[in-house]
Amino acid sequence: MAKQKPPVKKNQTIDLSFVDLTHDGSGVGKIDGYPLFVPYGLPGETAKVKVVKVNKNFGFGKLIELKEVSEDRVEPPCDVYVQCGGCQLQHMSYDLQLEMKRKQVETSLKKIGHIEGVPVHPTIGMDDPWRYRNKVQIPVAERHGELITGFYQKRSHHIIEGMDRCVITSEINDRMVEAVRRMADRLNISAYDEEKHRGVLRHIMVRTGQATNETMIVLITRTEELPHQEELVKEISETYPQVKSIIQNVNKERTNVILGRKTKVLWGSEYIYDNIGDIKFAISAKSFYQVNPPQTKKLYDKALEYADLKGGETVIDAYCGIGTISLFLAQKAKKVYGVEIVPEAISDAKANARLNHIDNAEFYVGEAEKVMPWWTAQGLRPDVIVVDPPRKGCDEELLKAMIAMKPKRIVYVSCNPSTLARDLRVLEDGGYVTKQVQPVDMFPQTGHVECISQLVLKND
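To convert a position in the sequence shown, counted from 1, into my numbering, add 388.
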């Protein structure tokens with residue numbers, strides 16, 4: 389039987405109607421059942437499209453001209469939206485973004501986890517889905533004899549020129565990056581050249597506590613020595629009273645990794661502080677801390693609701709990080725045990741527990757999949773396990789350890805619907821039932837979605 393050829397050819401121009409969206413927000417149209425994925429297309433629209441790539445089962449196109457426009461299409465407020473690619477969804481109404489993310493979670497559960505009939509609630513959004521990021525790290529380069537800063541162009545290490553603001557970053561951080569760039573330029577501090585591995589200033593990082601307005605500046609350099617350090621520090625600290633910390637991070641390696649191993653305080657404190665709800669957090673240059681605290685509060689409130697704590701429970705928080713969820717849980721639980729593989733994160737978690745006078749949370753360094761079986765052998769029987777893994781999801785051994793502990797409830801916080809669905813399948817096969825899933829929009833204007841799942845033990 390002859391192979392059926394795709395109904396379109398590369399470089400062909402066609403009229404296409406969009407009927408759906410991909411997980412990253414591209415429009416989906418079909419020609420004789422053959423799907424074409426086209427960035428910036430929206431359901432309900434018709435457009436002239438150029439076919440740019442043809443595979444056996446699907447192809448990719450480029451939007452040339454809109455013929456019918458969706459009511460959900462909006463004008464992106466960012467001048468460099470198409471070049472940057474950091475946000476993929478600015479052309480889309482916020483209501484459609486929220487529904488797209490809910491549907492993404494629902495589809496992943498069905499197709500990957502073979503889980504159907506579970507309520508996937510409407511995505512919890514923001515009142516104002518702009519200027520929410522409390523941290524920015526911007527590369528520095530030299531062009532036309534002066535320092536420039538800006539995000540990289542899509543799929544390149546070429547800094548976009550003329551980029552003086554980012555509409556999802558807090559205005560304080562925007563202003564601070566520009567101020568530090570001007571000062572460094574005036575002091576003739578050279579930019580890092582990644583091709584020649586020369587120069588000094590690689591990145592400018594700014595972190596701000598949204599509840600406290602305390603700001604930290606991190607200067608990431610290739611060299612141990614920062615030329616004109618005293619003048620630069622004096623000007624920043626005297627001009628901007630909200631700056632509480634000026635840090636130098638040294639990264640001597642040829643690498644795309646932003647931060648190096650060595651960090652030193654040039655002026656002020658090693659930490660700034662921020663609050664999520666009633667919990668106060670100390671944030672260092674290297675701390676993992678959620679970039680959208682108002683949405684984090686909504687996420688953690690939902691995690692607490694799903695944990696259904698009455699005050700007498702023992703809780704394990706796997707992948708506990710700096711203790712953000714653990715400390716929320718500790719407000720309602722009898723005892724919380726946090727485990728995390730990164731020693732610095734555990735040091736931060738212990739410090740944050742002391743900072744908040746919380747004495748019913750203990751934190752341990754180690755791989756959760758190894759520590760938890762050891763806890764079981766010691767007689768630890770958790771009532772609830774909360775897990776918040778990285779994008780790759782839970783380690784298989786950790787899932788086995790969770791099932792073996794037989795907690796009454798599992799609360800699974802995920803930043804990747806695909807690996808969430810895969811892991812829920814394992815937990816369901818191990819004796820649990822997924823009761824409900826709540827998406828939360830932690831990263832408006834992007835295709836990313838966070839969600840929380842509540843599982844209960846079948847025979848409980």
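Note that CB positions come from ideal geometry on N, CA and C, so glycine has one too.
| Query | Result |
| --- | --- |
| Top-ranked residue by Cα proximity to Lys-738, from Ile-710, Glu-559 and Ile-704 | Ile-710 |
| Cutoff 8 Å; reference Lys-523; Cβ partners in own chain excluding five residues on either side | Asn-561, Met-593, Val-594, Arg-595, Thr-596, Tyr-677 and Val-679 |
| Rounded separation between Gln-630 and Thr-434 - CA only | 50 Å |
| Alpha carbon of Gly-501 to alpha carbon of Tyr-800, nearest angstrom | 14 Å |
| Within-8 Å CB hit, Pro-465 to chain D | Given the protein chain composition of this structure (a single chain), no chain D is represented. |
| Counterpart residues of Gln-824 in DSSP-defined beta bridges | Gln-842 |
| 6 Å CB neighbourhood of Asn-847 in its chain, flanking five on each side removed | none |
| Same chain only: Cβ atoms within 6 Å of Thr-557, ignoring 5 sequence neighbours per side | Arg-521 and Val-524 |
| Minimum C-alpha distance to Asn-445 - residue among Leu-654, Pro-394 and Lys-491 | Pro-394 |
| Under 8 Å between C-beta atoms of Ala-749 and Val-727 | no |
| For Trp-655, the residue or residues it bridges with in DSSP | Ile-634 |
| Beta-carbon proximity check, Lys-794 vs Leu-843, cutoff 8 Å | no |
| Length of the line joining the Cα atoms of Tyr-688 and Arg-810 | 23 Å |
| Met-389 in three-state terms, based on DSSP | Caution applies to Met-389, whose pLDDT of 47 falls short of 50 and renders its modelled position unreliable; the model cannot decide the point. |
| Own chain, CB closer than 6 Å to Asn-399, minus 5 neighbours either side, in chain order | none |
| Same chain only: Cβ atoms within 6 Å of Phe-448, ignoring 5 sequence neighbours per side | Phe-425, Val-440 and Lys-441 |
| Cβ neighbours of Gln-683 in the same chain (closer than 7 Å, five flanking residues each side left out) | Met-514, Val-828, Asp-829 and Met-830 |
| Proximity to Asp-403 [Cα-Cα], best of Ile-729, Leu-454, Gly-767 and Pro-731 | Leu-454 |
| Other residues of its chain near Ser-657: CB distance less than 6 Å, five sequence neighbours each side excluded | Lys-632 and Ser-633 |
| Residue burial classification, Lys-489 (beta-carbon count within 10 angstroms, cutoff 16) | buried |
| Test item: CB-CB of Gln-485 and Pro-805 under 8 Å | no |
| Unbroken alpha helix (DSSP H) run spanning Val-814, endpoints | 805-817 |
| Inter-residue Cα distance where the pair is Met-389 and Val-508 | Residue placement at Met-389 is poorly supported in this model, since its pLDDT is 47, which falls under 50; the coordinates still yield a value, given next. Approximately 43 Å, taken between the alpha carbons. |
| Backbone secondary structure at Glu-530 - three-state DSSP | strand |
| Cut-off 6 Å between Cβ atoms - residues of its own chain near Lys-723, not counting five sequence neighbours on either side | Thr-702 and Asn-748 |
| Cβ distance (whole Å) where Gly-417 is taken to contact Ser-405 below 8 Å | 6 Å |
| For Arg-586: DSSP bridge partner residues | Asp-581 |
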